[in-house]
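Residue numbering for the sequence shown is 613 to 1255, as defined by the numbering used here. The beta carbon of each residue, even a glycine, is placed where N, CA and C say it ideally should be.
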Amino acid sequence: MVLAPHFAHLPLWISALACATLLWRAAVTWLGKRMPSTWLLVPIAVAAMAGVYRSYHTLLGREVGVAMLVLLLAFKLLEMHARRDLFVVTFLSFFVLLTNFLYTQSMPTALWTVLTLLVLLTAQQSFQYTGRVPPLARRLRTTLKVGALAAPLALLLFVAFPRIQGPLWGLPGDASSARSGLSDSMAPGTLSSLAQSDEIAFRVRFAGAAPAQQQLYWRSIVLGDYDGRTWTRVPRKRGLQRLEVAIHARGAPVRYETTMEPSNTRWLALLELAAPDLGVPGFRLRDSDEMEQFTTEPIAHRVRYQASAYLDYTLQAGESPQRMTHWLELPAGFNPRTLALARQLRAAADDAPVQQLSNAVLTRFRTQDYRYTLEPPRTGANAVDDFLFATRAGFCEHYAGAYVVLMRAMGVPARVVTGYQGGERNPVDGYLTVRQSDAHAWAEIWSQQAGWQRVDPTAAVAPERVERNLARALPRPAPFGLAPLLDLQNNPDSWLAQLRFAYAALNNSWNQWVLDYNPDRQRSFLEELSSLFGHWRTALGAVLVAVLLAVLRWQRARRPADALEALYAAFCRQQLRHGYGRAPSEGPRSYAARLRSMPASTDKHAAMEQFLHLYGMLKYGAGGTESRSASLATLTTLLPLCR
């Protein structure tokens, strides 16, 4: 149970070696096989350490440390000879179990950890006995009782103990670990491969009514440089005067809260068009003329921020066309057929406005058998030519890229925007979940009168992608005949979908209130408690402490339910009447040694010695050769002789 969660991220040979040592130890315990000699165990351990270095090319870091701990725990099982070794293995297991949180802090991981912790504590309790071990049910009941007593204190410390900024389990090396997400470049196949991932990118909760699905464009990165195959961001040239970010917004802003998952990138995904009043706790922000928002450091842990957006806006209208020339650049020598098509469309439209030129391109996509697919055919050096005239099949990056090339070739400033589109609303908690599979690319075109306008070429081919979601536009084939189950999952009214929504809401609450319980969240929560109780909080705290002390005192004073403890309590009361009461920290052996100084007959001293010896054996040892009931009967007989 301790090692199983680590097998998912350890090299296969380490997992296999750990399982082999477990099987060997089981054979030693239950089949009477021989333990391996030191001459065999030491070379295996040295070879394993060398294998770790060969697998990770270093002896430092999280992965290496966990791998070595797993191997050391496995090897320790093969050299357990004394009772002390059992405690070493148990405490090492506690530590290895804890390291699983370095990889994931999900709710199932926490539940598995609690279950494993109960097993380890019960096992450790068994090691305390030198003789007869109590039944498993009794040991487990003791473990649960101790856990129940510790839980309120743990909860109080979690809520009130000062928090640190950032994740509790974050490590410096985590910032370089790979995660799926958007990048600052786009080539054919980039987003179609990302669309296969169901990982959550971020969750959103709107302050009021949520916008319609087709309005949910989450802007992230603007791409303007094109080398014939790959789109990249336009580098900010030294000395270039920045454009005025002139936004003319109409209507009330849409306010929302975003919980963004770790991405190890710097780009934020914001609903178009974001208002400039954004702030992300713990990060410094930068912006660009293209209305991008990004942090100065990679986002390596979950962050939550408030934002607002204007759905109806005009951006950078009235700018001089001379300042937009870099959005017209195309590489020489690429896609000659596409350039010829652009000249043809431009000649047919004569001096038509920009919107009419855009409609001509979209009409071509809509009427000439273009297909929307997650598995587009490969393209050659002239990728846009191959897409427009040969394959006619592509994902959103193909349509957005080809559209921008055509518009630039017709003299219209244009650029590619990548981000996310849509999301899935959870009816249980009201959150909108945006996954990596919602990654999308669209275009923007500029005119002096209207400024930058969003155009989504994918909507011309697959309108259901924008109006609903990717799963409805491109249903995935169900493996192994699971089509009915997949249909149930995609149907929002089915019991399976409702179960999925409920789990997602529960998991989101775990993220919000446990994993993201940062200093700001703690301060807000404690302030809410303060305002709720007002001046009564001090009195309430005093009452709670008084009740707790009263309960503890009552538990100590009540008559023990166990027959053995009842007899021992009666014995202690007898001696208290003679002025020899037992101290709270005094065990039966120490108590017996002190009672020897009591003025009493030889028979009474012998009875007291026998009583305390038999009690100690029943409580902490084997209990002799007699049965427990016979031993209790003996104690009952001895008790009157000890008065």
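Closest by C-alpha distance to residue i, when choosing among the options
| i | options | result |
| --- | --- | --- |
| Ala1014 | Ala1051, Leu923, Asp1068 and Arg1047 | Asp1068 |
| Ser1049 | Pro617, Val664, Leu1082 and Arg958 | Leu1082 |
| Pro1025 | Glu931, Arg978, Gly1006 and Tyr1032 | Glu931 |
| Gly677 | Gln1187, Leu710, Ala929 and Gly1042 | Leu710 |
| Val1040 | Ser1121, Thr1003 and Arg1066 | Ser1121 |
| Glu869 | Gly793, Ala630 and Gln918 | Gln918 |
| Met661 | Trp642, Ala686, Ser649 and Pro648 | Ala686 |
| Pro1211 | Glu1221, His1190, Gly1199 and Ala1204 | His1190 |
| Gln980 | Glu987, Ala972 and Leu986 | Ala972 |
| Gly1042 | Ala1114, Thr1030 and Glu1076 | Ala1114 |
| Leu634 | Trp651, Leu615, Arg744 and Ala1242 | Leu615 |
| Leu828 | Leu1138, Leu1160, His1052 and Thr1249 | His1052 |
| Gln968 | Ile911, Ile1057 and Leu643 | Ile1057 |
| Asp1132 | Val771, Thr641 and Val745 | Val771 |
| Ala1117 | Ala864, Arg815, Val892 and Ala824 | Arg815 |
| Ala679 | Arg695, Met719 and Leu629 | Leu629 |
| Ile859 | Gln1065, Ala1055 and Glu987 | Gln1065 |
| His1055 | Arg831, Trp879 and Ala1182 | Residue identity differs from the one stated: residue 1055 is Ala in this sequence, not His. Here the closest residue by C-alpha is Arg831. |
Residues that DSSP places opposite residue i in a beta bridge
| i | result |
| --- | --- |
| Ser738 | Bridge partners of Ser738: none, in fact. |
| Trp724 | In the DSSP output, where bridge partners are listed per residue, Trp724 has none listed. |
| His1190 | Paired residue(s): none; His1190 is not in a bridge. |
| Asp899 | Gln905 |
| His860 | Thr926 |
| Ile584 | Lying before the first or after the last residue shown, residue 584 is absent from the chain, which here runs from 613 to 1255. |
| Thr979 | In the DSSP output, where bridge partners are listed per residue, Thr979 has none listed. |
| Glu987 | Paired residue(s): none; Glu987 is not in a bridge. |
| Met798 | Trp843 |
| Gly891 | Gln918 |
| Tyr829 | Gln1033 |
| Ile1057 | Ala1026 and Gln1065 |
| Val996 | DSSP, once it has assigned bridges, lists no residue as partnering Val996. |
Reduced DSSP category for residue i - H, G, I as helix; E, B as strand; rest coil
| i | result |
| --- | --- |
| Leu885 | coil |
| Trp625 | helix |
| Met613 | coil |
| Ala1026 | strand |
| Tyr1129 | coil |
| Gly1031 | strand |
| Arg854 | The predicted model places Arg854 with a pLDDT of 48, which falls under 50 and marks its position as unreliable, so this point remains unresolved. |
| Arg872 | With the sequence shown as reference, residue 872 is identified as Met, and Arg is not the correct amino acid for it. It is a strand residue. |
| Ala1173 | Interpretation of Ala1173 is limited by its pLDDT of 49, a score under 50 that renders its predicted location unreliable; no figure is taken from the coordinates. |
| Ser789 | Here the model assigns Ser789 a pLDDT of 49, short of 50, so the residue's position is not dependable and the matter cannot be decided. |
| Asp839 | coil |
| His1052 | strand |
| Ile911 | coil |
| Glu1036 | strand |
| Ser1209 | coil |
| Arg1066 | strand |
| Ser667 | helix |
| Gly1236 | Low per-residue confidence applies at Gly1236: pLDDT is 49, beneath 50, and the placement is therefore not dependable, though the value from the model is reported in the following sentence. Gly1236: coil per DSSP, three-state reduction. |
| Gln717 | coil |
| Ala1005 | strand |
| Arg817 | strand |
| Arg867 | strand |
| Pro784 | Low confidence applies to Pro784: its pLDDT is 48, below 50, so where it sits in the model is not reliable, and the reading given next is rough at best. Note: Pro784 maps to helix in three-state DSSP. |
| Val834 | strand |
C-beta atoms of residue i and residue j nearer than 8 Å
| i | j | result |
| --- | --- | --- |
| Thr1045 | Leu1000 | no |
| Ala1062 | Leu974 | no |
| Leu882 | Phe1007 | no |
| Leu1224 | Leu1176 | no |
| Met1256 | Glu1009 | Here the chain comprises residues numbered 613 to 1255, so residue 1256 is not present and cannot be evaluated. |
| Arg1027 | Val1016 | yes |
| Arg637 | Leu672 | no |
| Ile626 | Leu704 | no |
| Thr716 | Asn1123 | no |
| Gln1060 | Ala954 | no |
| Arg674 | Leu622 | no |
| Arg1240 | Leu1230 | yes |
| Arg1080 | Gln808 | no |
beta-carbon residue i near the ligand FAD non-hydrogen atom, thresh 7 Å
| i | result |
| --- | --- |
| Gly894 | In the structure shown, the ligand FAD is absent, as is every other ligand, since no ligand is present at all. |
Segment contact flag, the segment 904-923 with the segment 871-887, C-beta cutoff 8 Å, min 3 pairs | yes
So, do the segment 888-906 and the segment 932-939 have three or more beta carbon pairs nearer to each other than 8 Å?
-> Here the segment 888-906 makes no contact with the segment 932-939; the two share fewer than three CB pairs at distances below 8 Å.
Does the segment 802-821 touch the segment 899-909, meaning 3 or more C-beta pairs lie closer than 8 Å?
-> no
At least three beta-carbon pairs within less than 8 Å, the segment 717-736 to the segment 749-769 | Contact between the segment 717-736 and the segment 749-769 is present, because at least three Cβ pairs lie under 8 Å.
At least 3 beta-carbon pairs within less than 8 Å: the segment 905-914 vs the segment 961-976 = no
Does the segment 827-841 come close enough to the segment 985-996 to have 3 or more Cβ pairs within less than 8 Å?
-> yes
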